[in-house]
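In the numbering used here, the protein residues as written are 15 to 428.
The C-beta atom is built at its ideal place from N, Cα and C for all residues, glycine as well.
Written out below as structure tokens is the structure these notes cover.
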Amino acid sequence: CALSGPASGARGQLSPGSGGDRGCNSMTLEAIRYSRGSLQILDQLLLPQQSHYEAVGSVRQAWEAIRAMKVRGAPAIALVGCLSLAVELQAGAGGPGLAALVAFVRDALSFLVTARPTAVNMARAARDLADLAAQEAEREGATEEAVRERYSPCSLTPTRVPSASGPLHTPFLQTRVIRWTEDMLAKDLRDNRSIGDLGAHHLLERAAPQGGKVIVLTHCNTGALATAGYGTALGVIRSLHSLGRLECAFCTETRPYNQGARLTAFEFVYEQIPATLIADSMAAAAMAHYGVSAVVVGADRVVANGDTANKVGTYQLAIAAKHHGIPFYVAAPSSSCDLHLKTGQEIIIEERPGQELTHVNGVRIAAPGIGVWNPAFDVTPHDLITGGIITELGVFAPAELRAALGATVTLDGP
Ligand code: MRU
């Protein structure tokens, strides 16, 4: 939105800019295009200049795309990882034989987890899916007839003729794994819509109980590009906009990788959501001068006490929000919660190449010879998450999270 700058010391006025007020494009941004046997990702390194989809035909290709950040964002990393396995299985990989297939699935998933360590979604999906495969394999004693009886008549027909040497029911296990990963895609979209709606209503009750519009600040990219669609924190902003209650969103540039300037700004413009880009260093000033109603960010891992790892820079936003008395929300699906870790100190923080900081578009901007520290994430202590943790199951205070999710964060799968 177009901002009329504040008189010195005064709060600035926001007015809708060329983004318009509530218009929406009929086309939806898709980070991931999948149909059985085929996976494509939108190469986010090329955005916003180019929109180019790249085929991902194997687990190794997915690992490389995730590592290179062609696809990023905790839910999208897990989705692309698991769907790449589904594509390989559909093409006949794994086996011959049930034990070999289970080992193939387990090894592929363990490999995918190594691409980026902080976001828990891939690790959780890997654990759940490997367990599912192992449980299915335990039924190895079942006869071919029993297996056929269990699965037919339905779409779960074998995807290839079993080899004479391998157990006859191997293709059923493959199909089970494929369907599990496909369900992940649909569940993520569903969860994001719930997060958006629950979060929007909670935020409005807290920040604008008398009615009127709100100004929301967000960090990094948590939108359609980071998920199966709709987004988490950006989904909350999307829902506020749909309700006609969003005055404007601020998105931070998100140095050094610029997910805010390149991706979130792109999504806001694309969806015609009124928004303003600021450098990370301007967030506290924006809070002071423009009356930010709430800060909403995503998460890569929320642990049992509510401490949250998210894109580096989140922690300082939470501190600034607390100083200004602004509610600070984390929006994340329960699949981003890791109740196995007690506090944020246990979270492994990915460190990325120094070149991301010293160079912009391949051009060196930092003085040669300078040392660089480039953590991709930081941990926001739970006591700074003053608005709540918005999940698809409800909005919880950090202290309530464990009890609220304890029963649901299991090995059930999507
Ligand atoms: O390094 P990135 O771009 O993968 O970091 C993304 C974030 O930190 C997001 O906030 C988080 O993954 C949630 S995306 C819904």
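Please state the DSSP three-state secondary structure of R434. This structure leaves residue 434 out entirely; the chain is present only between 15 and 428.
Query raised in the report: So the alpha helix (DSSP H) E285 belongs to, where does it begin and stop?
Result: A279 to E285
Legend entry - Complete runs of the alpha helix (DSSP H) confined to the region 325-380 [at least 4 residues]: 328-338 and 369-372
With DSSP as the reference, label A263 as helix, strand or coil.
Strand, per DSSP.
Next on the checklist: Please state the DSSP three-state secondary structure of H399.
Outcome noted: Note that residue 399 corresponds to Ile in the displayed sequence, not to His. DSSP places I399 in coil when its eight states are reduced to three.
* Asked: Does DSSP put G408 in a helix, a strand or coil?
  -> If DSSP states are grouped into helix, strand and coil, G408 belongs with the strands.
Can you say whether W387 is buried or exposed, counting buried as having 16 or more other CB atoms within 10 angstroms of its CB?
Exposed: under 16 other Cβ atoms inside 10 Å.
| said: Please report the distance separating the alpha-carbon of C168 from that of T189. | reply: Confidence in C168 is poor, its pLDDT being 40 and thus under 50, which makes the residue's placement unreliable; the coordinate value appears in the next sentence. Our two residues, C168 and T189, have alpha carbons roughly 12 Å apart in a direct line.
The beta strand (DSSP E) spanning L291 covers which residue range? A289 to I292
message: Just list the residues that DSSP pairs Y271 with in beta bridges.
response: Y271 is not bridged to any residue.
Query raised in the report: For H255, which residues from the same chain have a beta carbon less than 6 Å from its beta carbon, with the 5 sequence-adjacent residues on both sides left out?
Result: I287
I'd like to confirm something about R276: is its beta-carbon nearer than 7 Å to some heavy atom of ligand 1, or not?
Not one heavy atom of ligand 1 lies closer than 7 Å to the C-beta of R276.
Task: Beta-carbon gap between R252 and G210 smaller than 8 Å - done: yes
For H233, I'd like the list of residues in its chain whose CB is within less than 7 Å of its CB, leaving aside the five on either flank, ordered along the chain.
Sequence-distant partners of H233 (beyond 5 residues in either direction) whose C-beta falls short of 7 Å from its own C-beta, in its chain, are T266, T268, G274, V311, K325, G327, T328 and L331.
task: Could you tell me if K227 is buried or exposed, where buried requires 16 or more neighbouring beta carbons within 10 angstroms of its beta carbon?
output: buried
Q.
Starting from Y304, trace the alpha helix (DSSP H) in both directions and tell me its first and last residue.
A. For Y304, the enclosing alpha helix (DSSP H) stretches over residues A297 to Y304.
Reduced DSSP secondary structure (H/G/I, E/B, other) of D197: In this structure, D197 counts as helix in the three-state DSSP scheme.
DSSP bridge partner residues for S49 (one or two, in chain order)
S52.
Close Cβ partners of A411 (< 7 Å) along its chain, the five nearest in sequence each way excluded = G402
Counting C-beta neighbours from all protein chains within 10 Å, is the total for G243 16 or more, i.e. buried, or is it exposed?
By the 16-neighbour rule on beta-carbons within 10 angstroms, G243 is buried.
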